[in-house]
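Protein chains in written order, with my numbering: chain A, 17 to 305; chain B, 924 to 1082.
Presented below is the structure to which this report refers.
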Amino acid sequence: MKFTPKHIEGNVNVSKTHPLAELGWLVGGLMLLVLIFYLLLGVSTDIAVAKIPVSAEVWLGEYFIGGMDALESEPLQKLLQPLLDNLPADSPLHEYHFHAQVAENEQINALALPGGHIVVFSGLLEQAESENEVAMVLAHELGHFAHRDHLRRLGRGLGLTVAAIMLFGQDSVASDLASKFFLVSESHYSREQESAADRFGLELLVAGYGHAGGATDFFARVGKDAGSRIPYLLASHPHPDDRVRELQKLIAANGYRVDAVIPLGKDLQEGLPVREDASFEEPVSGAEK
Amino acid sequence: MLEIIFRYPDLSLFLALMVIGYTCGTIAEKRHYKSIIKREQELVKLMVVNAEGRFAEGAVRTSFLVNGSTVVSNDYFKRLLAILRNVFGGRVKAYESLIDRARREAILRMKEEARARGAHMIVNLRLETSTIGRSANKKNRIGSIETLAYGTAVVMNRP
C-alpha cells in the first residue's frame, strides 16, 4: 500500500453554524417556551389564587415582611380601623388580621404584601396633606387584598422563578437571571386590577368617612410628577390623571358628597414612627461618638 | 449606564463574561485554526496511522514512544450555548470546535516531536480525552479538556 500525503480541506467534525446564530435560535426557542409557560401560568395562578387559604398567605407574608424593614405604625392602624369596621359582612377581608406599617423609602407608594401587611412608604406620608388621602391609599390596598391581586402577581413571578430553577438548577446563572428579570417585570398590577382596587377603595372611603373628600388627592399629586401620557399607552398601570378622572366619574355617578378633608395628624406627618429600640439596633452609628 | 451596572452587578458581570468569552474565544479559535492548518501542511509527509505496524525483518532501525498533549479551556459563551442545548437537546455545536482543536493540536505536537527525533512514520496512534482542572466537573465553573495523543515513532533503515 502506497502512502500518498495529502492535506484534507474542510472539517467534518465541526458544524458550520455561526455561534451567534445558534445563540439566537436557542434563546428564541427558550423565549417561546417561557411565553407559553407564562400564559399557562397566568391561567393556573388565577385558579390557584382563589383557593389559597388566608392562613397559608399569612405564613408567606412573614417571609416577605422580614426583608422589608417596615415598622408597625399606631396612627396608621387607627386610620385603617374605621375602614375595616365598615366592610360588608360577607367580605373575605374579615379573615385577615391587618397590619398597617411604615417603611423608610422616598418613593410615593404603598404596597400590599401577603398576609395582610399594608406597607406605606414614608415618602407618601411626607407629601400627604389629609387623613382622607392616606385612608384612600389604605382602602385602595385593601381592594388589592379583596381581589387577591397581591397573590396573583406574586404567584406568577414565583412560578416563573421556580420553573427556571427546575430547568437549570438552583445556582445556575440562567435561573439567577430569570428570577431577577421576572420578579422585576412582574412588580406592577394590571390596569384592570388597579381600577378595580380604586373602585373598591372609593366605596370603602365613603362608607368610613361618609363622603368622598380626598379620594383623588393622592393620584392628582402623583400625576403632577408623572409627566407625559405617551409612555403610559402601553404600560401595565394606568396614568394617575386617568385614575383621577375615573374616580371623579364614579363620585358623580354615585352622587357621593365631597366634604372638607381632615388634615393629617402630626404623628403621621413625621413619616416614620420613632424606633423604640433604636439604641440597640444601631451599634454602628453609636461607635461614632 | 453606570447606574444600571451598579444596580444589577450580577447581570452586568454575566453579560461582560459573555462578551469577553465570545470575542476572545473567537479570536483565539481563528488564530489557532490558522496555525493548525499551516503546521498540518508542513507535517503532511510524516505518516501517522493507528494500525499496528508490521515490518519486514531488518527494515526498522529503531522505534520509540512519542506523545503530544494539549489543554484547551472552555469559555462562558460556549458554556451558555451548552446550557441552552441542555434544554432542547441536539448537538452541542459549541464544544465541537473545542474538541477538534485539542485533538489536532495534540497530534501535531506528537508529530513535531517525532520529526525532531528523525522518525519516518508513527504507528499505533491512540487518543485520550479527559476533563481536567479542579472545577472541571463542578456546576457553575469553567472546565478545561486535555487531549493526549501517543504512538510509536518508527525510524526506517533507509539509505
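We put the beta carbon where it would ideally sit given N, CA and C, even for glycine.
Three or more C-beta pairs below 8 angstroms linking the region 208 to 223 of chain A and the region 144 to 155 of chain A: Judged by pairs of C-beta atoms under 8 angstroms, the region 208 to 223 of chain A touches the region 144 to 155 of chain A, as three or more such pairs exist.
For V30/A, which residues from the same chain have a beta carbon less than 7 angstroms from its beta carbon, with the 5 sequence-adjacent residues on both sides left out? Locating residue 30/A in the first sequence gives position 14, counting from the first residue. Within the same chain, V30/A has no close Cβ partners at all.
Run through chain A and tell me which residues come within less than 8 angstroms of K968/B, C-beta to C-beta. Here residue 968/B refers to the residue found at position 45 when the second sequence is read from its first residue. The contacting residues are P21.
Could you tell me the alpha carbon to alpha carbon distance between D933/B and N121/A, rounded to whole angstroms? In the second sequence, counting from the first residue as 1, residue 933/B sits at position 10. In the first sequence, counting from the first residue as 1, residue 121/A sits at position 105. Looking at the two C-alpha atoms, the distance is approximately 24 angstroms.
Take the Cβ of R984/B as the centre, count every other Cβ of all protein chains shown within 10 Å, and call the residue buried at 16 or more, exposed below. On the second sequence, position 61 is the one that residue 984/B refers to. Counting of Cβ neighbours within 10 angstroms places R984/B among the exposed residues, the total staying below 16.
Would you mind telling me which residues of chain B sit closer than 7 angstroms to N27/A, beta carbon to beta carbon, in chain order? Here residue 27/A corresponds to residue number 11 of the first sequence, with the count starting at 1. D1023, listed in chain order.
Determine the chain B residues that contact V43/A at a beta-carbon separation under 8 angstroms, and present them in chain order. In the first sequence, the residue the question calls residue 43/A occupies position 27. What V43/A touches in chain B: L1007.
Assigned secondary structure, S71/A (DSSP; H/G/I helix, E/B strand, else coil): As a first step, residue 71/A must be located in the first sequence, where it is residue number 55. Look at S71/A here: in three-state DSSP terms it is helix.
For a contact defined as C-beta to C-beta under 9 angstroms, what are the partners of E38/A on chain B? Taking the first sequence and counting its residues from 1, the one referred to as residue 38/A is at position 22. Those within 9 angstroms of E38/A in chain B are L1004, L1007, R1008, K1016, A1017.
Along the region 136 to 165 of chain A, where does the CB come closer than 8 angstroms to a CB of chain B? Name the residues. Answer set for the region 136 to 165 of chain A: empty.
Name the two residues that bound the continuous beta strand (DSSP E) containing T1070/B. Start at 1 with the first residue of the second sequence, and residue 1070/B comes out as number 147. 1067 to 1079 is the extent of the beta strand (DSSP E) around T1070/B.
At which residue ranges does the region 113 to 144 of chain A contain complete beta strand (DSSP E) runs of 3 or more residues, listed in the order of the chain? Taking 3 residues as the minimum length, the beta strand (DSSP E) runs contained wholly in the region 113 to 144 of chain A are 115 to 119, 126 to 129, 133 to 137, in order along the chain.
Using 9 angstroms as the limit for Cβ to Cβ distance, is S1067/B near chain A? Position 144 of the second sequence, counting from 1, holds the residue named residue 1067/B. No - not a single Cβ of chain A is within 9 angstroms of the one on S1067/B.
Please go through the same chain and pick out, in chain order, the residues whose beta-carbon is closer than 6 angstroms to the beta-carbon of D257/A, but skip the five residues on each side of it. If you number the first sequence from 1, residue 257/A lands on position 241. Correct list, in chain order: G239.
Please state the DSSP three-state secondary structure of T993/B. Counting from 1 along the second sequence, the entry for residue 993/B is found at position 70. Residue state, collapsed to three classes: strand.
How long is the line joining the alpha carbons of A1025/B and D165/A, rounded to whole angstroms? As a first step, residue 1025/B must be located in the second sequence, where it is residue number 102. As a first step, residue 165/A must be located in the first sequence, where it is residue number 149. Using only the alpha carbons, I get a separation of about 56 angstroms.
Work out the CA separation of N148/A and Y272/A for me, nearest whole Å. Residue 272/A sits at position 256 when you count from the first residue of the first sequence. Residue 148/A sits at position 132 when you count from the first residue of the first sequence. Spanning the alpha carbons of Y272/A and N148/A requires a straight line of approximately 14 angstroms.
Sort out for me which residues DSSP pairs P279/A with in a bridge. Here the question's residue 279/A lines up with position 263 in the first sequence. The beta-bridge partner set that DSSP reports for P279/A consists of S146/A.
Could you check if Y997/B is buried or exposed, using at least 16 other CB atoms within 10 Å of its CB as the buried criterion? Locating residue 997/B in the second sequence gives position 74, counting from the first residue. Residue identity differs from the one stated: residue 997/B is Asn in this sequence, not Tyr. Burial state of N997/B is buried, judged by a 10 Å Cβ sphere holding 16 or more other Cβ atoms.
Which residue wins for smallest C-alpha separation from S71/A, given the options L99/A, L57/A, H110/A? As a working mapping, residue 71/A is identified with position 55 in the first sequence. Considering only alpha carbons, the answer is H110/A.
For S295/A and E38/A, I'd like the C-alpha separation in whole angstroms. Stepping through the first sequence from its first residue, residue 295/A is reached at position 279. Stepping through the first sequence from its first residue, residue 38/A is reached at position 22. Caution is warranted here: a pLDDT of 40 is assigned to S295/A, below 50, making its placement in the model unreliable, and the coordinate value is therefore given only provisionally. In this structure, the alpha-carbon of S295/A lies about 58 angstroms from that of E38/A.
Close Cβ partners of G928/B (< 7 angstroms) along its chain, the five nearest in sequence each way excluded: Here residue 928/B refers to the residue found at position 5 when the second sequence is read from its first residue. Checking the sequence shown, residue 928/B turns out to be Ile, not Gly. Within its own chain, the residues whose Cβ lies closer than 7 angstroms to the Cβ of I928/B, once the five positions on either side in sequence are excluded, are S935, listed in chain order.
Below 6 angstroms CB to CB, which residues in the same chain sit around A1072/B once its five sequence neighbours on both sides are set aside? On the second sequence, position 149 is the one that residue 1072/B refers to. Closer than 6 angstroms at Cβ, skipping near neighbours: G991, A1029, I1030, M1033, L1050.
Leaving out five residues on either side along the sequence, give the residues of the same chain with a beta carbon under 8 angstroms from the beta carbon of L220/A. Against the first sequence, residue 220/A aligns to sequence position 204. For L220/A, the CB contacts under 8 angstroms within the same chain, skipping 5 residues up- and downstream, are L99, N102, L103, A155, L158, G159 in chain order.
Under 9 angstroms by beta carbon: chain B residues contacting L46/A: One-based indexing of the first sequence puts residue 46/A at position 30. Per Cβ cutoff of 9 angstroms: L1007, V1010, F1011.
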